[in-house]
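Heads up, the thing below is written out as structure tokens.
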Amino acid sequence: MTAVPTCRTASDRDDSGRVSVFLAIAALGILTVVALAFDGAGQLRALQRADNLASEAARAGGQSIDLATAIEGGPKRIDEPQARRAVAEYLAAAGASAHTVSFPVVDGETVVRVQVTVTYERSLLGLAGFDDTVNVTGEATARALTGGP
Numbered sequence: 001m002t003a004v005p006t007c008r009t010a011s012d013r014d015d016s017g018r019v020s021v022f023l024a025i026a027a028l029g030i031l032t033v034v035a036l037a038f039d040g041a042g043q044l045r046a047l048q049r050a051d052n053l054a055s056e057a058a059r060a061g062g063q064s065i066d067l068a069t070a071i072e073g074g075p076k077r078i079d080e081p082q083a084r085r086a087v088a089e090y091l092a093a094a095g096a097s098a099h100t101v102s103f104p105v106v107d108g109e110t111v112v113r114v115q116v117t118v119t120y121e122r123s124l125l126g127l128a129g130f131d132d133t134v135n136v137t138g139e140a141t142a143r144a145l146t147g148g149p
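Residues 1 to 149 in this note's numbering are what the sequence shown lists, from first letter to last.
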């Protein structure tokens with residue numbers, strides 16, 4: 001007696017487990033996209049905060065003019081030590097600590113340039129092995145407050 005090979009049809013095959021593997025891979029992909037969107041938006045908010053803090057701190061520094069020269073009718077110049085204090089006080093009140101202040105000359109006028117670094121703590125991507133924190137930097141420049149209408 002010879003053995004007759006049996007042909008299995010598609011309906012006879014056992015498909016158990018194939019759908020669960022697909023769902024596991026798809027769920028992992030969806031979670032990755034959600035994590036990228038959530039932490040990406042958070043990082044953009046941190047960048048916007050750094051830019052806003054730098055703008056306001058530069059504005060505070062730009063209001064620190066050399067009053068003695070201005071009262072005598074001279075040009076309105078930034079009092080650099082006073083501007084540094086004003087920037088530091090503003091940023092301390094806002095809760096930001098990492099910053100730099102410089103006074104470059106632009107078109108013959110000394111301006112205040114402020115760089116602020118804000119740290120963003122990742123929520124979801126940190127769980128996936130990425131760095132837990134990201135530093136973002138905002139920068140702004142202001143010139144001396146000249147008054148007027």
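Just so you know, even glycine gets a beta-carbon here, dropped at the ideal spot from N, CA and C. Quick caveat: nothing in here was measured; it's all calculated off a predicted structure.
Please state if the CB of residue j and the CB of residue i are separated by a distance shorter than 8 Å.
i: valine 116; j: leucine 47; result: no
i: valine 111; j: phenylalanine 103; result: yes
i: alanine 142; j: glycine 29; result: no
i: valine 136; j: alanine 41; result: no
i: alanine 140; j: isoleucine 78; result: no
i: serine 123; j: phenylalanine 38; result: yes
DSSP three-state call for residue i: helix, strand or coil?
i: glutamine 115; result: strand
i: glutamate 121; result: strand
i: serine 97; result: coil
i: alanine 24; result: helix
i: alanine 144; result: coil
Taking 6 Å as the limit between beta carbons, can you name the residues of its chain near residue i, skipping five residues before and five after?
i: threonine 119; result: Thr133, Asn135
i: threonine 100; result: Gln115
i: proline 149; result: Confidence is the limiting factor: at proline 149 the pLDDT is only 44, short of 50, which leaves the residue's position unreliable and the question unanswerable from this model.
i: glycine 108; result: none
i: glycine 138; result: Ala50, Asp51, Ala54, Val116
With hydrogens ignored, establish whether the beta-carbon of residue i is closer than 7 Å to any heavy atom of the ligand NAD.
i: threonine 119; result: In the structure on display, the ligand NAD does not appear, and there are no ligands present to speak of.
Skipping 5 residues on each side, what residues in its chain have a beta carbon closer than 7 Å to that of residue i?
i: serine 64; result: Ile78, Asp79, Gln82, Ala83, Ala86
Closer than 8 Å by C-beta to residue i: which residues in its own chain qualify, once you throw out the five before and the five after it? Chain order, please.
i: leucine 36; result: Leu125
Continuous alpha helix (DSSP H) assignments of at least 4 residues falling wholly in the stretch 28-95: 67-71, 80-94
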